[in-house]
Amino acid sequence: MPNYLTINSKIKDVYNSPLGRDVVDKILLQMGVSNKFVTNIFVRNFRLKTLAILLKKHLDKDFFDTLLNLLNQDANLVLTNSPNQPITPIWWKEAVFYQIYPRCFCDSNADKIGDIAGIISKLDYLKSVGIDAIWLSPIYDSPNDDNGYDIRNYYKIMQEMGTMEDFELLISAVKAKNMKIIIDLVVNHTSDEHEWFVEALNNPSSKYRDYYFFRESETPPNNWTSFFSGSAWIYHEKQNIWSLGLFSKKQVDLNWDNPNLRNDIIKMISWWLQKGVDGFRLDVINYISKQPNLPNGNPVIGNLMGFFGVENYFYGPNLHKYLHEIKTKAFEPFNAFSVGETPGIGIQTAKLLTAEQRKELDTVFLFDHLENPGKTRFDDYKYDLNYLKKYLINVSEEYPNDCWLSLFYDNHDNPRMVSKVTDNPKLQPYLAKLLCVIQLTLRGTPFIYQGQELGMTNQNFTDISQLKDVESINLYNELLQTMDETAAFARILAGTRDHARAMIPWEIVATLETDETSTLNFYKKAIAIRKQNKPLIYGETSFVKKAKKNYFAYYRFIDNAKFFIESNLSEQKLTSKIPQNSQKLLLCNYKTPNENYMQPYESRIWQM
Ligand code: ISL
Ligand code: CA
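Take 276 as the starting number for the sequence shown in the numbering used here and just add one per residue.
If you want it as structure tokens, here you go:
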């Protein structure tokens, strides 16, 4: 019997279902409230009905209907996690990945745009760092409204980046170095210049018409908002019709409920696998299944999340089905690796999306650690690493052996983590190394974002004209409606994606390579240590002194091979004795550890 939740269900019943728990945790995180609130014995036994009466000023009936409808979607889903099965060893669990954002990685022909030849010229460098696999952000043909995340032709290379020949050269050069390469797969939407869309828009009887969401209406067909400001609907004047676009005005959402579209995508994936890529990073892949008829977003949820409509597509009714289909029809025949970008997904649903036996995705990028509770990317605040510690302990303890975590702090969509934590330039290099230690010693696949290994920090933008990103520019214009230019710019500066989109300063790398104390050499050592010691990859993890503020420590071990990793998360000295039974200090971001305390952001790896 499926376990349907109703208005008579108790909070604890909601919290006991994977999706229910993720949704409740997300709401609390967004409000900056601890989840102790719901685990409290008194609150646990509240019925939703009681909650509805108590909170009727804030939460209307529609809120509960929306919530129950969403939660009951998974009622028939059978949980198959078997936490104690042994880990299946496989290359991508052992690999250190490196994300390249091609536009600003390396420019080979002095047009100021990074390109494929530039990437090829840096493979030796990446190999010397210890990188095993590369993830390339989009290099497909695109009008670049969103730097390639708006694809015009899935089978062509963007002119500025080079040719298909260059790309084939890249694949063989990567293979020759015994490395792997995965590419971005952007299939939630295409560019409005994609031939499917052009046809669909201009010819209502085209077979591509149903590849997108078209609606005739006086006003925007529903209240959904775009992640890049304004309505999620794009009006096409000439045709007097609307199309759905959750991102920029030139990115149009695809209708995955159409089986022909799915077949075309599967064909395209297989074509790239045939060419030799080893897998994909799947852009906003959890958004591909939309609630039928695209109902209005609930305003309470919309105001809380900052975007209207999300509950209708962040975990849609056919998500599992569509993922299973691409896995079995496209990825599996090539043993291809898949990492899904899944904003809004929590730990419990992530387990459903990545449990080995369910055959959907190999791993996912979760985002709840990128901001402190109650904060968003555009808030200007100092990130507290004690929250990162809490999050990492929680997710590590929750993940069973048949799921695998990905570990990252930086990517092309976020300011640099180092800058979020401190703006003290003297301490930033220590912090960069501390973050490196944590990323390379926990269980999960590390994804290093280009420049992270050089200790890169945020840019010193002083004026809006220096920013290029469509999200920043749209948001700036939206903010000007309610605040002055100085205030609007301050908000943009805190969160702009352009911080992570600065050219890599290759001219300083030679100096960093010869400086024994550089962040770059520290990364090389940390990666080498991880590779030489299997317990750091597949070993058990046991966290210690969890309650000690500013202190993050854990053992990684297989049988008697044991490592102890400890970090001081603060800018102050922290009282701490050298661990007993420590055999050897493998790595530390200070010259010599003190017997009685740890220095600001000190981090150590001990062999026990
Ligand atoms: O969901 C968000 C806000 O809560 C966004 O951060 C969203 O998850 C993110 O922007 C999705 O990113 C990916 O898809 C975008 C593209 O602009 C990004 O660069 C890409 O990483 C649209 O393709
Ligand atoms: Ca170039």
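All residues carry an ideal CB built from backbone N, CA and C; glycine is no exception.
Here the structure is a predicted model, which is why all the values come from computation and not from measurement.
- Here the C-alpha atom of S817 lies approximately 28 Å from the C-alpha atom of N796.
- Take L294, set aside five residues on each side of it, and the residues of its chain with a beta-carbon closer than 6 Å to its own are L346, D349 and T624, in chain order.
- The C-beta distance from S851 to F839 rounds to 12 Å, too long to fall under 8 Å, and the pair is not in contact.
- For P721, no alpha helix (DSSP H) run applies; the uninterrupted beta strand (DSSP E) run containing it begins and ends at T720 to Y724, by DSSP.
- Remark: fewer than three beta-carbon pairs, one from each stretch, lie closer than 8 Å, so the stretch 648 to 661 and the stretch 601 to 613 are not flagged as touching.
- Taking a contact as a CB-CB distance under 8 Å, the pair Q756 and G730 does not count as one, their CB atoms being some 38 Å apart.
- Contact between I560 and G520 fails: their C-beta atoms lie close to 17 Å from each other, not under 8 Å.
- As DSSP reads the structure, T638 sits in a beta bridge with V614.
- Here the alpha carbon of D685 sits roughly 23 Å from the alpha carbon of W366.
- Contiguous alpha helix (DSSP H) elements confined to the stretch 785 to 870 occur at 794 to 807 and 810 to 813, taking only those with 4 or more residues.
- With 6 Å as the limit, the residues whose C-beta approaches any heavy atom of ligand 2 more closely are D382, S383, N384, D386, I388 and D390, in sequence along the chain.
- Inclusion of T761 and A707 in the CB contact set at 9 Å is not warranted, their separation being larger than that value.
- At a cut-off of 3 residues, the continuous stretches assigned as beta strand (DSSP E) that sit fully inside the stretch 544 to 608 are 554 to 557.
- Relative to ligand 1, the beta carbon of R772 is positioned inside 8 Å of a heavy atom.
- If you keep only unbroken beta strand (DSSP E) runs of at least 3 residues inside the stretch 456 to 484, you get 464 to 466.
- Closest in C-alpha terms to I302, from the list L334, N278 and S845, comes L334.
- Under the three-state reduction of DSSP, Q882 is assigned to strand.
- Across the set T341, V552, K450 and L536, the C-alpha of L536 shows the shortest separation from the C-alpha of I563.
- Annotated three-state conformation of T629 is helix, per DSSP.
- Segment contact: the stretch 579 to 595 against the stretch 500 to 518, three or more CB-CB distances shorter than 8 Å; contact assigned.
- Inter-residue distance for K332 and N498 is about 22 Å (C-alpha atoms, whole angstroms).
- The residues R772, in chain order, have a CB closer than 6 Å to that of D688 in the same chain once the five nearest residues on each side in sequence are set aside.
- When distances are taken from the beta-carbon of V461 to the heavy atoms of ligand 1, the shortest one is below 8 Å.
- Its Cα nearest to that of D485, the residue S518 stands out among N835, S518 and L460.
- Residue pairing by DSSP puts K285 in a beta bridge opposite R322.
- Between T500 and N573, the alpha-carbon positions lie close to 12 Å from each other.
- The bridge partners DSSP lists for S506 are T500.
- In the three-state scheme derived from DSSP, where H, G and I count as helix and E and B as strand, F338 is classed as helix.
- Residues of the same chain with a CB within less than 6 Å of the CB of F489, apart from the 5 flanking positions on each side, are I516 and S518 in chain order.
- Taking the Cβ of Q727 as the reference point, every heavy atom of ligand 1 lies at 8 Å or farther away.
- For Y373, the enclosing beta strand (DSSP E) stretches over residues F372 to I375.
- Going by DSSP, W366 is part of the alpha helix (DSSP H) stretching over W366 to E369.
- Residues N825 of the same chain have their beta carbon placed closer than 6 Å to that of S845, with the five preceding and five following residues left out of the count.
- Secondary structure of I516 (DSSP, three-state): strand.
- When DSSP reads this structure, S681 sits in a beta bridge with T720.
- Relative to the non-hydrogen atoms of ligand 1, the Cβ of P495 never comes closer than 8 Å to any of them.
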